[in-house]
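Mind the numbering: the sequence shown is residues 1 to 198 in full-length UniProt numbering, read in order.
Even glycine gets a Cβ: it sits at the ideal position worked out from N, Cα and C.
Predicted model only: the values in this text are computed from it and were never measured.
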Amino acid sequence: MLHQKVDQDLSDRKNWALRRQLGIPNNKRLWVLACMDERLSVEKALGIGVGDAHIFRNAGGVVTDDAIRSAMLTTQFFGTKEIIVINHTECGMMTASGDFISHFLEKKGINLDQTSIDPALPELKLSSGVFSKWIKTFVDVDETCVKQVELLRNSPLIPDDVVIHGYIWEVETMRLRSPYERLSEKVNTAEAMSGKGL
Ligand SMILES: [Zn+2]
C-alpha cells in the first residue's frame with residue numbers, strides 16, 4: 001500500500017526535525033574533534049554522512065574549554081557514546097609558538113594582560129601570562145593526538161564508558177593513520193625495512 005511509504009516518510013521527517021526533543025542521538029552516536037584545516041574533510045576521512053555525527057572543529061583539533069563544553073553536552077545529554085579526535089600533518093599549529101603569536105598581537109597594540117576570551121562571558125579572563133598557552137600550538141602531531149585523547153578521557157565531565165580514539169589525517173596521502181604509525185617512513189630504505197630505522 002502506498003500510504004505505508006508516505007507514512008514512513010512523514011515519520012522519518014518528524015524524527016529528523018524533532019531529534020533533540022525526542023531524544024534521538026546522531027546516527028553513529030559519535031562526536032568528532034578535528035582541526036579546521038580545509039584539507040581535512042571529516043566526513044570523507046571517516047566515511048560518514050549528514051546526520052551521522054556531531055562535529056566540533058577548531059584550530060588544531062585540540063581540547064579547549066568549548067571542546068569540553070560540547071563534548072559534555074553531546075555525551076551527557078544527546079546519547080553520544082564514542083569520540084574520535086582527528087589531528088593532521090602539516091598543521092598550522094606547528095608553524096609558530098604561542099609566544100611568537102602573543103608578541104605579534106602585542107606589537108599590534110593588543111593588550112594580552114587579563115585577556116577576556118569570551119565576549120559573552122566577560123568574567124572569563126585569562127590570568128597574566130597564560131595567553132601563550134591558551135593558543136595551544138604544538139610541535140608533534142602524534143604526541144598531540146595521544147594527548148588530546150588522554151585529556152578527554154581524564155575529563156570528569158565526560159562519562160567513563162565513552163569510547164575515545166585519536167587518528168592522524170595525512171594531508172600528503174589524504175588518509176588516516178594511527179598515531180606513530182608512519183608507514184611512509186618504513187618503506188623507503190633497507191634500514192627502515194629491517195626495523196632498525198625506527
Ligand atoms: Zn590544522
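Cβ neighbour criterion (16 or more within 10 Å) applied to residue i
i       : result
His-165 : exposed
Tyr-167 : buried
Glu-170 : buried
Pro-179 : buried
Trp-31  : buried
Met-1   : exposed
Asn-87  : buried
Met-193 : exposed
Gln-148 : buried
Ser-102 : buried
Ile-83  : buried
Phe-100 : exposed
Contact belief for residue i with residue j at Cβ below 8 Å, rounded distance in angstroms
i      : j      : result
Thr-37 : Cys-91 : For clarity, residue 37 is Asp in the given sequence; the question names Thr instead. Indeed, because the Cβ distance is near 7 Å, the residues count as touching under 8 Å.
For residue i, the nearest candidate out of the options (CA to CA)
i       : options                            : result
Ala-34  : Val-50, Gly-47, Ala-59             : Ala-59
Ser-127 : Gln-114, Glu-185, Arg-177, Leu-151 : Gln-114
Gly-79  : Lys-133, Leu-22, Gly-98            : Leu-22
Pro-25  : His-54, Lys-5, Ser-155             : His-54
Trp-134 : Thr-64, Met-193, Leu-40            : Thr-64
Sequence ranges, alpha helix (DSSP H) only - wholly within the segment 104-160, length at least 4: 131-135, 141-153
Unbroken alpha helix (DSSP H) runs of length 4 or more, entirely within the segment 41-85: which are they? 42-46, 65-77
Hey, which residues come within less than 6 Å of ligand 1, measuring from Cβ to any heavy atom, in chain order? Cys-35, Asp-37, Gly-60, His-88, Cys-91, Gly-92, Met-93
Entirely enclosed beta strand (DSSP E) segments - the segment 160-190, minimum 3 residues: 163-170, 175-177
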